[in-house]
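Participant: Here it is, the structure in full.
Chains as they are written, first to last, in the numbering used here: chain A, 1 to 236; chain B, 237 to 532.
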């Protein structure tokens, strides 16, 4: 098991944002977290990245307890988050964003990786010396994913990668997710777009009010009447 | 006309020292959005320590300069650890950091008076060999040239470092978005401490050059440059390195030209700050202000 989360609890002041959550991500799998806004999905990813403190429970990564490990060491271990809202460094160039994605890696191979990213994401190739802030939302999402890949992740945490993007670009994002998985990458995906994320995933968890209310193989959840009613309505 | 040219040259010399002081000031602001009000005290201590190394330890200024600069950088690490780190997670961190850095500035100043005395002190005449050149009626000394060269090298070095090096890019990433930098694997607290080190090293170096330029050093010399430095970074645009350099030179020029035109030094600060006021009316974010000044 690549990632094991046991009875994790995270609090913000008096509020329990994540309550007693346990979940597993198998090596090479795509696991999806679905749930409404404010259910604690982003909080959970941030706890996995170590940028917010954990109140109780533990996190094991490839068998190693990383519950108290600092964020930059988790990046070095290969846990990379592509955050919601992309958080590209707007004043820096596309190239600099990619370089800093490889911050925890030795210098060798970075230039070759940037060339590879330009090949995979042609949109970045044309804009490589442009400031990241001048890119469109879809281009910024491609950059954020490419920047995450520059770190050579073992586990990629993708937070709402399709949020706010045009349908065509959403399709591109899910194509990339599928492709990454075929290359052997393990992915924990947080999405509002339940229909498409369940279609590309192996397993799924439904989070409501900071707790897991449903879990199982993605194919099974896709035909679950409650999931369909709550998360796949409105002709999505 | 020669007098005018002479004042122009003098303005650039003193302006380069202001610029050097101001880039350290603006660097910390650019990264953390806080003002380090102990920066002027580091300027003073840097100069006094260099003088002590020359006078009491018998060192050459070329050895004392880098040592005192290093010492100033270490003061920066102390400022960060004592005045800012303990307050970083408080909701009023911007304001409380301002106050605690003032407190630390007072501690540093008192230490300077306690150790070096309250008198004005001078670098020995033999500290640095001075040649005087007359070019088309304008007098330039080798000391002035050396000062402007050192200031220019340090400013160019910092710019290149921020643009090219791995750590420089990490500093810019933290400046832009601390959370994003953390998620990318940047050790944010370490980078902040390092930023304080660089900022204070440059502030101390400016103090040494200032002391060499005017020959005189006193424990309260930080007072006058503190407000000027603030004016320079507001003028250049808060957080902008090129803005601080240009702003420093512009400020130095406005000072000496006022003296040259009015024939008295009484109006010097009045005109300099009036120019600042006028520029801010036209460009509220400063000459190079890409970063919006925070409004709360």
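From the three backbone atoms N, C-alpha and C, an ideal C-beta is built for every residue, glycine too.
Keep in mind it's a predicted model, so treat the numbers as computed, not measured.
Enumerate, from N- to C-terminal direction, the unbroken alpha helix (DSSP H) stretches of 4 or more residues contained entirely within the stretch 118–168 of chain A.
Facilitator: Complete alpha helix (DSSP H) runs here, min 4: 122–126 and 137–149.
Participant: Check whether chain B comes within 9 Å of residue 190 of chain A, counting only Cβ atoms and requiring the distance to be less than that.
Facilitator: Counting from 1 along the first chain, the entry for residue 190 of chain A is found at position 190. Output row for residue 190 of chain A: interface = no.
Participant: For chain B, is any of its Cβ atoms less than 9 Å away from the one on residue 100 of chain A?
Facilitator: In the first chain, counting from the first residue as 1, residue 100 of chain A sits at position 100. It does; some Cβ of chain B falls within 9 Å.
Participant: If you check the beta carbons only, do residue 190 of chain A and residue 34 of chain A fall under 9 Å apart?
Facilitator: The sequence position of residue 190 of chain A within the first chain is 190, counting from 1. The sequence position of residue 34 of chain A within the first chain is 34, counting from 1. Contact flag set, yes.
Participant: What in chain B is Cβ-close to residue 185 of chain A, meaning under 8 Å?
Facilitator: What you label residue 185 of chain A is simply residue 185 of the first chain in a count that begins at 1. What residue 185 of chain A touches in chain B: nothing, since even the nearest Cβ is about 17 Å away.
Participant: For the stretch 408–420 of chain B, which residues have a CB atom closer than 9 Å to at least one CB atom of chain C, in sequence order?
Facilitator: Given the protein chain composition of this structure (A and B), no chain C is represented.
Participant: Which of the three DSSP states, helix, strand or coil, is assigned to residue 204 of chain A?
Facilitator: One-based indexing of the first chain puts residue 204 of chain A at position 204. Residue 204 of chain A falls in the strand class under three-state DSSP.
Participant: Let's test the definition: count the other Cβ atoms within 10 Å of the Cβ of residue 40 of chain A and tell me whether it reaches 16, buried, or not, exposed.
Facilitator: The residue you call residue 40 of chain A lines up with position 40 of the first chain. Per the 10 Å Cβ criterion, buried.
Participant: What residue does the beta strand (DSSP E) around residue 19 of chain A start on, and which one ends it?
Facilitator: Position 19 of the first chain, counted from the start, is the residue given in the question as residue 19 of chain A. From DSSP, the beta strand (DSSP E) with residue 19 of chain A extends over 15–25.
Participant: Quick check: is the beta carbon of residue 530 of chain B nearer than 9 Å to any beta carbon in chain A?
Facilitator: Numbered from its first residue, the second chain carries residue 530 of chain B at position 294. Residue placement at residue 530 of chain B cannot be trusted, given a pLDDT of 34 that sits under 50; what the coordinates show is reported in the next sentence. For residue 530 of chain B, the answer is no, since every Cβ of chain A falls outside 9 Å of its Cβ.
Participant: Taking the continuous alpha helix (DSSP H) assigned at residue 45 of chain A, which residues delimit it?
Facilitator: Counting from 1 along the first chain, the entry for residue 45 of chain A is found at position 45. From DSSP, the alpha helix (DSSP H) with residue 45 of chain A extends over 41–49.
Participant: Which class does residue 500 of chain B belong to by DSSP, given the choice of helix, strand or coil?
Facilitator: On the second chain, position 264 is the one that residue 500 of chain B refers to. In this structure, residue 500 of chain B counts as coil in the three-state DSSP scheme.
Participant: Does DSSP classify residue 398 of chain B as helix, strand or coil?
Facilitator: Taking the second chain and counting its residues from 1, the one referred to as residue 398 of chain B is at position 162. Residue 398 of chain B falls in the helix class under three-state DSSP.
Participant: Counting only Cβ-Cβ distances shorter than 9 Å, please list the residues of the stretch 58–83 of chain A near chain B, keeping chain order.
Facilitator: Those would be 70, 71, 72, 73, 74, 75, 76, 80, 81, 82 and 83, in chain order.
Participant: Since residue 256 of chain A sits in a beta bridge, which residues does DSSP pair it with?
Facilitator: Since the displayed chain A opens at 1 and closes at 236, residue 256 of chain A lies outside it and no answer follows.
Participant: Is there a C-beta anywhere in chain B that falls below 9 Å from the one on residue 92 of chain A?
Facilitator: Taking the first residue of the first chain as position 1, residue 92 of chain A is located at position 92. Taking Cβ atoms only, chain B reaches closer than 9 Å to residue 92 of chain A, which makes this a yes.
Participant: Is there contact here, the stretch 349–364 of chain B with the stretch 406–418 of chain B, by at least three beta-carbon pairs under 8 Å?
Facilitator: Judged by Cβ distances under 8 Å, the stretch 349–364 of chain B makes no contact with the stretch 406–418 of chain B, as fewer than three pairs qualify.
Participant: I'd like to know if residue 87 of chain A contacts chain B, where contact means its C-beta is closer than 9 Å to some C-beta of that chain.
Facilitator: Taking the first residue of the first chain as position 1, residue 87 of chain A is located at position 87. With 9 Å as the cut-off, residue 87 of chain A counts as an interface residue toward chain B.
Participant: For the stretch 156–164 of chain A and the stretch 68–85 of chain A, state whether three or more C-beta atom pairs, one from each stretch, are separated by less than 8 Å.
Facilitator: A contact exists between the stretch 156–164 of chain A and the stretch 68–85 of chain A.
Participant: Quick check: the Cα distance between residue 70 of chain A and residue 103 of chain A, rounded to an integer number of angstroms?
Facilitator: Looking up residue 70 of chain A in the first chain gives position 70. Looking up residue 103 of chain A in the first chain gives position 103. Cα-Cα distance, rounded: 15 Å.
Participant: So, does the stretch 281–290 of chain B touch the stretch 490–510 of chain B, judging by three or more C-beta pairs under 8 Å?
Facilitator: The stretch 281–290 of chain B vs the stretch 490–510 of chain B: no contact.
Participant: Between the beta-carbon of residue 68 of chain A and the beta-carbon of residue 10 of chain A, is there less than 9 Å?
Facilitator: Residue 68 of chain A sits at position 68 when you count from the first residue of the first chain. Residue 10 of chain A sits at position 10 when you count from the first residue of the first chain. Not closer than 9 Å, so no.
Participant: CA-CA distance, residue 15 of chain A and residue 206 of chain A?
Facilitator: On the first chain, position 15 is the one that residue 15 of chain A refers to. On the first chain, position 206 is the one that residue 206 of chain A refers to. Cα to Cα, the separation comes out at about 20 Å.
Participant: Taking all protein chains shown into account, do 16 or more other C-beta atoms lie within 10 angstroms of the C-beta of residue 351 of chain B, making it buried, or fewer, making it exposed?
Facilitator: Your numbering for residue 351 of chain B matches position 115 in the second chain. When all chains shown are included, residue 351 of chain B counts as exposed.
Participant: Could you compute how far the alpha carbon of residue 355 of chain B sits from the alpha carbon of residue 242 of chain B?
Facilitator: Taking the first residue of the second chain as position 1, residue 355 of chain B is located at position 119. Taking the first residue of the second chain as position 1, residue 242 of chain B is located at position 6. Rounded to whole angstroms, residue 355 of chain B to residue 242 of chain B spans 31 Å at the Cα level.
Participant: Could you tell me whether any Cβ in chain A is nearer than 9 Å to the Cβ of residue 424 of chain B?
Facilitator: As a first step, residue 424 of chain B is located in the second chain; it is residue number 188 there, counting from the start. Output row for residue 424 of chain B: interface = yes.
Participant: When you compare each of B:273, B:255 and B:419 to residue 77 of chain A by their alpha carbons, which one comes out closest?
Facilitator: One-based indexing of the first chain puts residue 77 of chain A at position 77. Ranking the options by Cα distance to residue 77 of chain A, first place goes to B:419.
Participant: Straight-line CA distance for residue 446 of chain B to residue 468 of chain B?
Facilitator: On the second chain, position 210 is the one that residue 446 of chain B refers to. On the second chain, position 232 is the one that residue 468 of chain B refers to. Going by the C-alpha atoms only, they are around 16 Å apart.
Participant: In this structure, what does DSSP give as the bridge partners for residue 217 of chain A?
Facilitator: Start at 1 with the first residue of the first chain, and residue 217 of chain A comes out as number 217. Answer is A:203.
Participant: Taking one C-beta from the stretch 259–267 of chain B and one from the stretch 473–491 of chain B each time, how about it: are there three or more such pairs within less than 8 Å?
Facilitator: Contact holds: three or more Cβ-Cβ distances are below 8 Å.
Participant: Pop quiz: residue 428 of chain B and residue 309 of chain B are said to be a contact at Cβ under 8 Å. What is the actual Cβ separation, rounded to whole angstroms?
Facilitator: By 1-based counting over the second chain, the position of residue 428 of chain B is 192. By 1-based counting over the second chain, the position of residue 309 of chain B is 73. About 14 Å; that fails the 8 Å criterion.
Participant: Roughly how far, in whole angstroms, is the beta-carbon of residue 197 of chain A from the beta-carbon of residue 32 of chain A, given that I think they are within contact range, below 8 Å?
Facilitator: If you number the first chain from 1, residue 197 of chain A lands on position 197. If you number the first chain from 1, residue 32 of chain A lands on position 32. At roughly 4 Å, the Cβ-Cβ gap stays under 8 Å, so residue 197 of chain A and residue 32 of chain A are in contact.
Participant: Is the beta carbon of residue 438 of chain B less than 9 Å from the beta carbon of residue 394 of chain B?
Facilitator: Here the question's residue 438 of chain B lines up with position 202 in the second chain. Here the question's residue 394 of chain B lines up with position 158 in the second chain. Yes, they are a contact pair.
Participant: Is residue 107 of chain A buried or exposed, if buried means 16 or more other CB atoms sit within 10 Å of its CB?
Facilitator: Here residue 107 of chain A refers to the residue found at position 107 when the first chain is read from its first residue. Exposed: under 16 other Cβ atoms inside 10 Å.
Participant: Output the residue ranges of the alpha helix (DSSP H) runs that lie fully inside the stretch 454–481 of chain B and measure 4 residues or longer, sorted by chain position.
Facilitator: Runs found: 457–472.
Participant: Can you give the beta carbon distance from residue 254 of chain B to residue 488 of chain B, rounded, assuming they're within the 8 Å contact cut?
Facilitator: Residue numbering aside, residue 254 of chain B sits at position 18 when the second chain is read from its first letter. Residue numbering aside, residue 488 of chain B sits at position 252 when the second chain is read from its first letter. Going by Cβ atoms, the distance from residue 254 of chain B to residue 488 of chain B rounds to 5 Å, so yes, they are a contact pair.
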